[in-house]
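Numbering (the working numbering), first residue to last: 1 to 413. Beta carbons are placed, not taken as given, at the ideal position from N, Cα and C, and that holds for glycine. What you are looking at is a predicted structure, and each value in this text was computed from that prediction instead of being measured. Before any comments, here is the structure.
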């Protein structure tokens, strides 16, 4: 198999990792996180000023990127994350009926119907992108703050009490396989005031594939100040006014880098294969399902973007499994036990095939993970996408609806 080109998108989008079991010594930290969960669930409104600083160092050079944002939330589905200064980030505004997403770097914005809840809004195309870089705080406005905080966490450590900006805080560390997250939680209201994400471990893991990352350090710090809760927020706060020179577009990420060359597989007949299923004794043959729309996802447990995509693919599977649709998640060259543990802990119910020697990946010219392949009812490959895809759920729903109706995706990359 050819060398993998892993990070096709921003490194910030690889932070979601698989969960692991708790230990007795973690109880004080988890009790604290439960209080934080209750605090965020009880909020009917929230406002703050966020300062976000990304520190990157590599090969003796250092770079600091700073952004200032304002955040406002009002249930059930109003949100404003406004980038006040800095270019790395997005502005997202939802007034309960429409949602605007603006990328200052490209002076482009999209308009779409508002999700019905904050939970759906968080899962939307905009939130799966670079939403103001304050993603942890934003995700806590959903239905399960504790689950969001604990996703991918292997160990929790309660460091103790500290004073931050003159306020007593509980300092807690969430250890993940590929990053560590420090949280400073207000001892009074149990809301998070400071976040520090150290992504150095994931850089270390990728050094064999991308030597340039060997000594790279990435640390993101966020400070949430002027926090206000239980205050009425005027509806005018949730209105988007397009900046001068900004233009509306259907695809916010179109033009984000050079256009990708269409895969040479598109339009060709699908290659059949036989792989062991997740359950022993089960064999999987895609062409047993010719006449249906088939979706193949080539993935691995160690791949950050894969871990982020799989929960979305689970929701797609649940939505379309009773239609003329088949989804097979093809794991790349990992032990059955490791895959089984990952799948069970992620509560994934879609079919999994084990590509133990990587031969099927070679057959489909897989060069990076995740690689997603859509196959039409006629057995021909309709689309191939490699790497992180902003707005995955929305894009897949659009493509699958077209394919299920007998349409073609040719020329619609």
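- Under DSSP, residue 94 shares a beta bridge with 79, 99.
- One Cα belongs to residue 80, the other to residue 91, and the distance between them is close to 8 Å.
- Residue 67 sits buried, since 16 or more C-beta atoms from the chains shown fall within 10 Å of its C-beta.
- Here residue 247 is exposed. Its C-beta has fewer than 16 other C-beta atoms within 10 Å.
- Secondary-structure assignment with DSSP links residue 117 through no beta bridge to anything.
- One Cα belongs to residue 250, the other to residue 199, and the distance between them is close to 32 Å.
- Within its own chain, the residues whose Cβ lies closer than 8 Å to the Cβ of residue 347, once the five positions on either side in sequence are excluded, are 314, listed in chain order.
- Contact check between the stretch 70 to 77 and the stretch 157 to 165: fewer than three CB pairs, one atom from each, fall below 8 Å, which does not count as touching.
- Closest in alpha carbon position to residue 113, among 27, 107, 101, is 101.
- For residue 169 against residue 181, the beta-carbon gap comes to about 15 Å, at or over 8 Å, which does not count as contact.
- In the DSSP annotation of this structure, the continuous segment of the beta strand (DSSP E) that includes residue 225 starts and ends at 217 to 229.
- Of the residues 291, 288, 308, the one whose Cα lies closest to the Cα of residue 297 is 308.
- Distance from the CA atom of residue 218 to the CA atom of residue 403, rounded to whole angstroms, is 41 Å.
- By DSSP's assignment, residue 176 forms a beta bridge with 153.
- Residue burial annotation: residue 378 is exposed, with fewer than 16 other C-beta atoms found within 10 angstroms of its C-beta.
- Straight-line spacing of the CA atoms in residue 409 and residue 72 works out to 39 Å.
- One Cα belongs to residue 318, the other to residue 407, and the distance between them is close to 22 Å.
- Counting only residues of its own chain and dropping the five nearest sequence neighbours on each side, residue 380 has a CB closer than 8 Å to the CB of 267, 268, 269, 270.
- Of the residues assessed, residue 345 falls on the exposed side of the cut-off, its CB having fewer than 16 other CB atoms within 10 angstroms.
- Each residue's CA atom was taken as its position, placing residue 149 and residue 140 some 8 Å apart.
- Residue 137 and residue 322 have their C-alpha atoms roughly 36 Å apart.
- According to DSSP, residue pairing for residue 73 in a beta bridge involves 46, 79.
- Per DSSP, the continuous beta strand (DSSP E) segment holding residue 277 begins and ends at 275 to 277.
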